[in-house]
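Residue numbers (mature numbering (1 follows the signal peptide of the UniProt record, and there is no 0)): -21 to -1, 1 to 603. The next block holds one structure in the form of structure tokens; read it before the comments.
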């Protein structure tokens, strides 16, 4: 697909070369063989602009030969006289063409048949920016042709007089070949734009813009410029050439930036190219101020400088073995050589630079287009080459990786049995260690929640369980009872029998508490010192009272024996029950049980008191 596109672009690019060469050959065959002519020139203010027989006799004519169909003109008024003969029996029609110039401010043509008075002939400006006229020569006679040209500068104008049939054929061939040449470049522009739209390649965008400027530039050089379309506005004279040339240079620099990827130590070239683009963009502004000749010099100088800089950069990159550097050097060398020829002549492009150098300018554009298309194709080729190299490298790495994997697999299979044995041994050791760790964690958790002396849960466990049971009771709408137990006269036991006896009393009461708790949900805790607390979920006040009373009787019936000494013990109990009263917290439930315990002690100890928590509002209303 890309190969077909490449050959299509190459054909479009090379066609202008052959078209220009064919056009040149055709014009050479149609040119007549002029001999000598006479001329007179003087100051523009003194030179007459009309010819009469009397004025013609007063002129001091000088003789000159017409070389290469070019008329040399001096500043001021220039009169030129040509002698034409028609020895035939029929009138002959000739077509006169005079290339126009911005320096020419006036041009008039007169014909004099035999001894008659000179007759003016109209000169019209054609589409290719040439002054032309049709001349009719009578048979068997001589005709004098007088041409007046007023010039502001010293110029040379191509001049041609051919038969009408040959002129028509030459013009058709010129328009045909120029149209095909411009059409080839236009096709290349469209193809590059399609590449940009399809793939988003910035280089294609820069190249399409560059060839578009070259297309317009060739059209301008062929005479289709603003001065032709707006002859009465001198501000447009010479404006398009510098604009298109500078834009072409800017786009060529941008293409160079995108073409080469500079190394880290060569980033200065990228900065230089950026500043060069900025400078060229700034130079676009003065072109609307200067006149055509000045713009021509500015354009040629700037184009030469840019071409020289890019050529020097391309040659440097070629030494550094950059890809495409050689091709890019050739691409830059083509406009450089063309600009050198133009700079050496400094001709006025308004007369049509292509009129005498069609193969040079059109051929240079076609050759440069062919080189750029070839460079573009080589870039695609190198890209495909890099992709294939990357794929081969990736394939080699994959093979190496596969080989290493196979070796590793073989080694793994070889040592698999030993590895499994080691893994099993290590797993067994880890399981044993894990069990020991779990046992240690359970023991630690137990120690954190169990009181060491009594064997009951400690105060920390009570704080957690009371909150959990409170939430459950509130959620399930079930009663929750708390029993606070205190050993009566425990201080006397310590004082009379010693602290060891006191510790045994605590253990003895704790054992009775454990025996009294029949349900797994009931929790017994040592709250602190000689105080104990029972958490009885889903227990009504009567059930809590029965359990506390049974416990009290069991402790009071049998004294504790310590070192063969009987120590009578009694306990006092306080009970509170939570029944989803409003605004009641676990602390208030405990406070109610503590108050009941206080009442039991105040009532003589060795008894059970019950405190039913009553909401303060209800209590107040009952008192009322």
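Note that CB positions come from ideal geometry on N, CA and C, so glycine has one too. The structure presented is a predicted model; accordingly, all values stated were derived computationally and were not measured.
Cα-Cα separation between residue i and residue j, rounded to whole angstroms
i, j, result
"residue 183", "residue 251", "22 Å"
"residue 566", "residue 411", "44 Å"
"residue 191", "residue 165", "7 Å"
"residue 333", "residue 177", "Because residue 333 carries a pLDDT of 41, less than 50, the predicted location of this residue cannot be relied on, and no value is offered for it."
"residue 500", "residue 402", "44 Å"
"residue 163", "residue 381", "54 Å"
"residue 18", "residue 43", "7 Å"
"residue 385", "residue 399", "20 Å"
"residue 197", "residue 160", "9 Å"
"residue 495", "residue 583", "24 Å"
"residue 407", "residue 422", "22 Å"
"residue 573", "residue 545", "30 Å"
"residue 415", "residue 517", "38 Å"
"residue 199", "residue 219", "8 Å"
"residue 371", "residue 283", "45 Å"
"residue 561", "residue 419", "43 Å"
"residue 590", "residue 506", "19 Å"
Neighbourhood of residue i by C-beta distance below 6 Å, restricted to the same chain and skipping five residues each side
i, result
"residue 605", "This structure cannot settle anything about residue 605, because the visible part of the chain is limited to -21 through 603."
"residue 547", "538"
"residue 473", "481"
"residue 464", "511, 550, 552"
"residue 286", "311, 314, 315"
"residue 102", "86, 88, 110, 112"
Residue i in three-state terms, based on DSSP
i, result
"residue 499", "coil"
"residue 468", "coil"
"residue 253", "helix"
"residue 84", "strand"
"residue 299", "coil"
"residue 380", "helix"
"residue 109", "strand"
"residue 558", "coil"
"residue 586", "coil"
"residue 487", "helix"
"residue 542", "coil"
"residue 39", "coil"
"residue 20", "strand"
"residue 433", "coil"
"residue 27", "coil"
"residue 48", "coil"
"residue 91", "strand"
"residue 369", "helix"
"residue 410", "helix"
"residue 477", "coil"
Contacting residues, own chain, Cβ-Cβ under 7 Å from residue i (five flanking each side not counted)
i, result
"residue 189", "227, 230, 231, 234"
"residue 120", "65, 92, 93"
"residue 118", "65, 67, 68, 69, 70"
"residue 347", "310, 313, 314"
"residue 586", "551, 579"
"residue 351", "186, 310"
"residue 8", "Any reading at residue 8 needs caution, since the residue's pLDDT is 40, under 50, leaving its predicted position unreliable; the model's value is listed next. So the list is empty, once near-sequence residues are dropped."
8 Å Cβ shell around residue i - same chain, five flanking residues per side excluded
i, result
"residue 22", "55, 56"
"residue 168", "187, 190, 191, 194"
"residue 639", "Residue numbering for the chain in the displayed model covers -21 to 603; residue 639 lies beyond these limits and cannot be assessed."
"residue 491", "530, 533, 534"
Supposed close pair residue i, residue j - CB separation, criterion 8 Å
i, j, result
"residue 181", "residue 237", "5 Å"
"residue 116", "residue 100", "Incorrect: roughly 12 Å between the Cβ atoms, too far for contact."
"residue 444", "residue 502", "6 Å"
"residue 63", "residue 124", "6 Å"
Residue i burial status per 10 Å Cβ neighbour count (16 or more: buried)
i, result
"residue 40", "exposed"
"residue 368", "exposed"
"residue 455", "exposed"
"residue 508", "exposed"
"residue 84", "exposed"
"residue 531", "buried"
"residue 467", "buried"
"residue 98", "exposed"
"residue 452", "buried"
"residue 110", "buried"
"residue 487", "buried"
"residue 361", "exposed"
"residue 373", "exposed"
"residue 240", "exposed"
"residue 78", "buried"
"residue 261", "exposed"
"residue 430", "buried"
Test: residue i CB closer than 8 Å to a CB of chain D
i, result
"residue 512", "Given the protein chain composition of this structure (a single chain), no chain D is represented."
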